[in-house]
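Participant:
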Amino acid sequence: MLSGYEKQKVLKAANHTWQDGPCRDCKCSLTSLGNYQPTCSATECPKVKTHEDYADYELALVPLHNRCCPKVRRTACKLNGKKHPVGDEWYEDKDFCKKYHCVESAKVRLETSTINCNEKECKAGYEYKSPSPEAKECCGKCVQVACVVDDVVRPVGDKWTSDDYCTNYFCQNSNGSLQVEAVKIECPSISKEDLSDFVYESYTVDGECCEKNKPIACKAGDEVYKIGETSPSPDGDKCKTITCVKKPHKDELVKQVSVESCKKDCSKGWEYKESETQCCGECVQTSCVVSDELKKPGETWQSDDGCVTYSCDNLGGQLLVSSNHESCPSIENCPTANVYLKGCCKYCNATTSEHMKLCSPQPIQLEKTVHLIEVSRMPYGKCVNEEPIRHFTECIGTCHSSTFFNMKTGMHESVCSCCQATEFHSLDVELECADGYKWKKKVAVPSKCDCVACGEGSPYLSDATPKPNFLELA
């Protein structure tokens, strides 16, 4: 038996191979000398950095029993020089559509999975939105950007109305969620106060939900009165009236209240009396006012000379001062020597010849006779006298006139005479017409005048027409 330090000598056949330990291979080879010698070579194990997996994996050497070289085992994945342990998942270069996995089954393996984004076609109301870098996602998604109602796309903020115009719809964004909001239209109602004051007429308007109410008349209690009409106040106030008035440029009515103010200040001799049917009463005459003194109806008084008696009388519903006195004749043209006093009056003691001088024919001033005669004559037109008319006279003078109080009739009666023409003679007056035509016309003028009782008229004048101081004869 050999010791531990002794080598065992073993014979090997020519060309036989064997291992002299785990890492040494030997062979019995024929040399050039013609003898057999053992030739051995050591096994060189591969290095980790030269291993084929070195670029993609973290590697470890695992010794093997009875093996020269250790086994190379993958312990982690490696990509772009960065180590990733088993179980790690990651993306490279922000490409979130390609995912890397470091897995281990029989051995550690680097796997990839690619995502295909196929859902980029969105339904109505939605739009495809690519993912943001912060989301770390490959594919975007369809995001709602509008409301879809009855296959109609409505953008955010859009407003539309129902077919009956009574509901308003809105497409709104509520905390990131799009919703259709429906708002019902509430039609206004007429207040009880307005219904008690006005009569309304309802009508529809195209494109609107609610009926319009138009006031067409006013009301005062149960009474209806039209625009422009006036009604007494329902509270019974006679001084207050209500008029139905339309506001300018508006379909609105107002009940315009008018209050009448009464003037109750009456003049002296008058007193205010209230009316039972109207707002205002009236000033009623209660006295006659004479020199700022009040005289009651039926009261009488006399003048200072005692010739006139006055009384406050009711004549036709009006209080008037009546006088009863002797009527004195006019003595204006009477010579002073002929004036005499009889009772309360002065009279003129004139002879008949003097009296006649008071009423006589007097010539008209020549300048006043130009254009005095004017006549229209066809076919010449208007014709007038262009020259003065000599001896053109008129009756001028003063005749006696007076009144006296008839005690039997209780009335004042007149006694008068007027200065009137009693005889005439004719004058030839030349007239010139508008077209130059000239012709002569006979005109009658007074030749004698006298005081004639008023109303009797002259036998030469017609009572049916005003009495001129001359006559046109032809």
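Numbering of the sequence shown is given in my numbering, commencing with residue 237 and proceeding in unit increments.
By construction, the Cβ of each residue, glycine as well, lies at the ideal position given by its N, Cα and C atoms.
Entirely within the segment 377-418 and at least 3 residues each: give me those beta strand (DSSP E) ranges in chain order.
Facilitator: Entirely contained in the segment 377-418, the beta strand (DSSP E) runs reaching 3 residues are, in chain order, 377-380, 382-385, 388-391, 395-397 and 403-410.
Participant: Taking the DSSP output, what are the residues bridged to K314?
Facilitator: In the sequence shown, counting from the first residue as 1, residue 314 sits at position 78. DSSP output for K314 lists K319 as bridge partner(s).
Participant: Thinking just about the alpha-carbon of each residue, which of K245, C423 and E623 is nearest to the one in D664?
Facilitator: For this step, residue 664 is matched to residue 428 along the sequence shown. Among K245, C423 and E623, the Cα nearest to that of D664 belongs to E623.
Participant: Assuming S497 and C519 are in contact, meaning their beta carbons sit under 8 Å apart, how far apart are those beta carbons, in whole angstroms?
Facilitator: Position 261 of the sequence shown holds residue 497. Position 283 of the sequence shown holds residue 519. Contact flag wrong, Cβ pair sits at about 15 Å.
Participant: For T522, which option in L555, Q492 and S511 has the closest C-alpha, if you only look at C-alpha atoms?
Facilitator: Looking up residue 522 in the sequence shown gives position 286. Checking every option, the nearest Cα to that of T522 belongs to L555.
Participant: Hey, how far is the Cα of D549 from the Cα of V557?
Facilitator: Numbered from 1 along the sequence shown, position 313 holds the residue referred to as residue 549. Numbered from 1 along the sequence shown, position 321 holds the residue referred to as residue 557. Taking the straight line from one Cα to the other gives about 6 Å.
Participant: Please list, in chain order, all residues of the same chain as Y461 whose beta carbon is under 6 Å from its beta carbon, the five residues on each side excluded.
Facilitator: Within the sequence shown, numbered from 1, the residue matching residue 461 stands at position 225. These residues qualify, in order along the chain: C454, S467 and C480.
Participant: Which residues in the same chain as T397 place their Cβ atom closer than 6 Å to its Cβ, once the five residues preceding and following it in sequence are excluded?
Facilitator: Counting from 1 along the sequence shown, the entry for residue 397 is found at position 161. N404.
Participant: Could you tell me the alpha carbon to alpha carbon distance between E649 and T639, rounded to whole angstroms?
Facilitator: Counted from its first residue, the sequence shown places residue 649 at position 413. Counted from its first residue, the sequence shown places residue 639 at position 403. Each residue's Cα considered, the two are about 5 Å apart.
Participant: With H, G and I counted as helix, E and B as strand and the rest as coil, what does DSSP make of E444?
Facilitator: Walking along the sequence shown from the start, residue 444 turns up at place 208. Three-state result, E444: coil.
Participant: Where does E370 sit, in a helix, a strand or coil, going by DSSP?
Facilitator: Within the sequence shown, the letter at position 134 stands for residue 370. Of the three classes helix, strand and coil, the one that applies to E370 here is helix, per DSSP.
Participant: By how many angstroms is the C-alpha of S368 removed from the C-alpha of H337?
Facilitator: For the purposes of this step, residue 337 is identified with residue 101 of the sequence shown, where counting begins at 1. For the purposes of this step, residue 368 is identified with residue 132 of the sequence shown, where counting begins at 1. So the two alpha carbons sit approximately 23 Å from each other.
Participant: Report the CB separation of P451 from Y436 in whole angstroms; it is logged as a contact under 8 Å.
Facilitator: In the sequence shown, counting from the first residue as 1, residue 451 sits at position 215. In the sequence shown, counting from the first residue as 1, residue 436 sits at position 200. 6 Å between Cβ atoms; contact.
Participant: So T311 and L295 are supposed to be a Cβ contact under 8 Å. How far apart are they, rounded?
Facilitator: Counting from 1 along the sequence shown, the entry for residue 311 is found at position 75. Counting from 1 along the sequence shown, the entry for residue 295 is found at position 59. Confirmed, about 7 Å.
Participant: Going by beta-carbon coordinates alone, are V392 and C383 separated by less than 9 Å?
Facilitator: Indexing the sequence shown from 1 puts residue 392 at position 156. Indexing the sequence shown from 1 puts residue 383 at position 147. Contact: yes.
Participant: Taking DSSP as the reference, what is the three-state secondary structure of P261?
Facilitator: In the sequence shown, residue 261 corresponds to position 25, counting from 1. The displayed chain sequence assigns Asp, not Pro, to residue 261. In this structure, D261 counts as strand in the three-state DSSP scheme.
Participant: For V284 versus V308, is the C-beta spacing smaller than 9 Å?
Facilitator: Taking the sequence shown and counting its residues from 1, the one referred to as residue 284 is at position 48. Taking the sequence shown and counting its residues from 1, the one referred to as residue 308 is at position 72. Yes, they are a contact pair.
Participant: Quick check: the segment 405-425 against the segment 441-448, are at least 3 beta-carbon pairs closer than 8 Å?
Facilitator: The segment 441-448 is in contact with the segment 405-425.
Participant: Where K578 and S653 are concerned, what is the direct C-alpha to C-alpha distance, given to the nearest angstrom?
Facilitator: Your numbering for residue 578 matches position 342 in the sequence shown. Your numbering for residue 653 matches position 417 in the sequence shown. The alpha-carbon atoms of K578 and S653 are separated by roughly 21 Å.
Participant: Give the straight-line distance between the Cα atoms of L266 and T253, rounded to the nearest whole angstrom.
Facilitator: Along the sequence shown, read from residue 1 onward, the residue named residue 266 stands at position 30. Along the sequence shown, read from residue 1 onward, the residue named residue 253 stands at position 17. Looking at the two C-alpha atoms, the distance is approximately 13 Å.
Participant: Note the first and the last residue of the continuous alpha helix (DSSP H) segment covering L300.
Facilitator: Within the sequence shown, residue 300 is the residue found at index 64, counting from 1. Careful: L300 lies outside any alpha helix (DSSP H) and carries neither H nor E.
Participant: Consult DSSP for V284 and reduce its assignment to one of helix, strand or coil.
Facilitator: Within the sequence shown, numbered from 1, the residue matching residue 284 stands at position 48. DSSP places V284 in helix when its eight states are reduced to three.
Participant: Does T350 get closer than 9 Å to chain C when you measure Cβ to Cβ?
Facilitator: In summary, chain C is missing from the structure at hand, where a single protein chain is found.
Participant: Can you look up A456 in the DSSP assignment and give me helix, strand or coil?
Facilitator: Within the sequence shown, numbered from 1, the residue matching residue 456 stands at position 220. Strand.
Participant: Would you give the residue range spanned by the beta strand (DSSP E) that E340 belongs to?
Facilitator: By one-based count along the sequence shown, residue 340 stands at place 104. Its beta strand (DSSP E) spans residues D331 to E340.
Participant: Does the distance from the CB of L346 to the CB of C313 come in under 9 Å?
Facilitator: Counting from 1 along the sequence shown, the entry for residue 346 is found at position 110. Counting from 1 along the sequence shown, the entry for residue 313 is found at position 77. Yes, the pair counts as a contact, with Cβ atoms nearer than the cut-off.
Participant: In the DSSP assignment, find the alpha helix (DSSP H) that holds S432 and state where it starts and stops.
Facilitator: Sequence index remark: in the sequence shown, residue 432 carries index 196 (1-based). It spans K428 to D433 - the alpha helix (DSSP H) in which S432 sits, taken as one unbroken run.
Participant: When you compare only the Cα positions, how much space is there between T572 and Y583?
Facilitator: On the sequence shown, position 336 is the one that residue 572 refers to. On the sequence shown, position 347 is the one that residue 583 refers to. Near 10 Å, if we compare the C-alpha coordinates of Y583 and T572.
Participant: What did DSSP end up calling T639 once you bin it into helix, strand or coil?
Facilitator: Here the question's residue 639 lines up with position 403 in the sequence shown. Correct three-state label for T639: strand.
Participant: As an exercise, report each continuous beta strand (DSSP E) stretch of at least 3 residues that is fully enclosed by the segment 340-364, in chain order.
Facilitator: With a minimum length of 3 residues, the continuous beta strand (DSSP E) runs that stay inside the segment 340-364 are 344-350.
Participant: In the DSSP assignment, find the unbroken beta strand (DSSP E) run with K245 in it and report its ends.
Facilitator: Position 9 of the sequence shown, counted from the start, is the residue given in the question as residue 245. No beta strand (DSSP E) holds K245; DSSP gives it neither H nor E.
Participant: Can you tell me the Cα-Cα spacing of H636 and N574, whole angstroms?
Facilitator: Counting from 1 along the sequence shown, the entry for residue 636 is found at position 400. Counting from 1 along the sequence shown, the entry for residue 574 is found at position 338. Going from the Cα of H636 to the Cα of N574 covers about 15 Å.
Participant: When the Cα atoms are used, what is the spatial distance from T588 to N621?
Facilitator: Sequence index remark: in the sequence shown, residue 588 carries index 352 (1-based). Sequence index remark: in the sequence shown, residue 621 carries index 385 (1-based). Legend: pLDDT at T588 = 44, less than 50; position of this residue unreliable, no value from coordinates given.
Participant: Please report the distance separating the alpha-carbon of T701 from that of C690.
Facilitator: Counting from 1 along the sequence shown, the entry for residue 701 is found at position 465. Counting from 1 along the sequence shown, the entry for residue 690 is found at position 454. Because T701 carries a pLDDT of 36, less than 50, the predicted location of this residue cannot be relied on, and the following value inherits that uncertainty. In a straight line, the C-alpha of T701 is about 15 Å away from that of C690.
Participant: For V493, count neighbouring Cβ atoms within 10 angstroms of its own Cβ and tell me buried if that reaches 16, exposed if not.
Facilitator: If you number the sequence shown from 1, residue 493 lands on position 257. By the neighbour-count rule (16 or more Cβ atoms within 10 Å), V493 is not buried but exposed.
Participant: Which of helix, strand or coil does DSSP assign to T629?
Facilitator: As a first step, residue 629 is located in the sequence shown; it is residue number 393 there, counting from the start. In the structure shown, T629 sits in a strand (DSSP, three-state: E or B).
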